[in-house]
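Residue numbers (our numbering): -5 to 260.
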């Protein structure tokens, strides 16, 4: 087992790691979409929502009496939003992408140090990883269904948040647009789609490393017995090295049983 793969062989794993980070960021952050306050050019409030949680606001008074707004990601309260089919689909595809992409990437990174991941078998495994990454690319893109769901067009949290903020902020119009705009989480999702696609192409194009074949070297050993003039017998040993014989190809992962050297006595 070695752990020094060629840089080209590491490319699919590196791209997949970047895609996994972007996927996790876009799927779990509470800023996938946003609604920015209208009719307030000085300091507009932005309400942000994610696939699983939303950005909540709270106000605190400092020692000097100044009012400060605090932000935190919170899970949606019960009965606060109507989660329609598109929203549920976005959640399902987001979870599937994180699970499938994470497992395949972990397995692919481990392959950097696996001898069996070479030759024809390695190429087949890379193609399998490429197909999984292409599936992740599709699932990642389908998480953008959130942009056409109730989260964007019929989000009950917008009205609830506007009412709460109107009672706590002085310079607040309380008016928000009826449709959402894409926020950082949505942009990270688009970037993840691109990275999954590149990881898939790299997995299908890259060649696995070629390993040296496992060989067994046979020896011809000749024993010669000579009798000296004084009656003693002297045994001499002559060793002739043979050519190394491959017992496992360099391009597969066959189990090899190491045999002992063949001895011949004459």
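For every residue, glycine included, the Cβ atom is placed at its ideal position computed from N, Cα and C. Since the structure is predicted, the reported quantities are computational estimates derived from the model, not experimental observations.
- prompt: Just how far apart, CA to CA, sit residue 3 and residue 102?
  reply: 10 Å
field: For residue 50, the residue or residues it bridges with in DSSP
entry: 66
message: Assuming the contact rule is C-beta atoms closer than 8 Å, residue 26 and residue 20 should be a hit. Round their C-beta distance to whole Å, please.
response: 7 Å
- request: May I ask you to report which of helix, strand or coil DSSP gives residue 170?
  value: coil
query: Is DSSP giving residue 144 helix, strand or coil here?
result: helix
query: Is it a yes or a no for the stretch 79 to 88 touching the stretch 148 to 157, going by three-plus beta-carbon pairs under 8 Å?
result: no
query: Can you tell me whether DSSP reads residue 26 as helix, strand or coil?
result: coil
message: Does residue 189 pass the burial test, meaning 16 or more other C-beta atoms within 10 Å, or should it be called exposed?
response: buried
message: Judging by CA-CA distance, which residue of 200, 198, 178, 220 is the nearest neighbour of residue 44?
response: 178
message: Give me the residue from 96, 127, 148, 81 with the minimum Cα distance to residue 139.
response: 81
- prompt: If you follow the beta strand (DSSP E) that residue 97 is part of, which residue opens it and which one closes it?
  reply: Segment 79 to 104 is the alpha helix (DSSP H) holding residue 97; no beta strand (DSSP E) there.
Between the CA atoms of residue 197 and residue 128 - distance to the nearest angstrom: 10 Å
- request: Would you identify the three-state DSSP class for residue 40, choosing helix, strand or coil?
  value: strand
message: Assuming contact is defined by CB atoms lying nearer than 8 Å, are residue 134 and residue 175 in contact in what I supplied?
response: no
field: 7 Å Cβ shell around residue 148 - same chain, five flanking residues per side excluded
entry: 76
query: Nearest to residue 65 by CA position, among 145, 115, 24, 186, is which residue?
result: 24
query: Is it the case that the Cβ atoms of residue 191 and residue 131 are separated by a distance below 8 Å?
result: yes
message: By alpha-carbon positions, which one of 194, 180, 48 ends up nearest to residue 71?
response: 48
task: To the nearest angstrom, report how far apart residue 94 and residue 6 are at their CA atoms.
output: 15 Å
message: With a threshold of 6 Å on Cβ separation, who are the neighbours of residue 50 within its own chain once the five nearest residues in sequence on each side are excluded?
response: 66, 68
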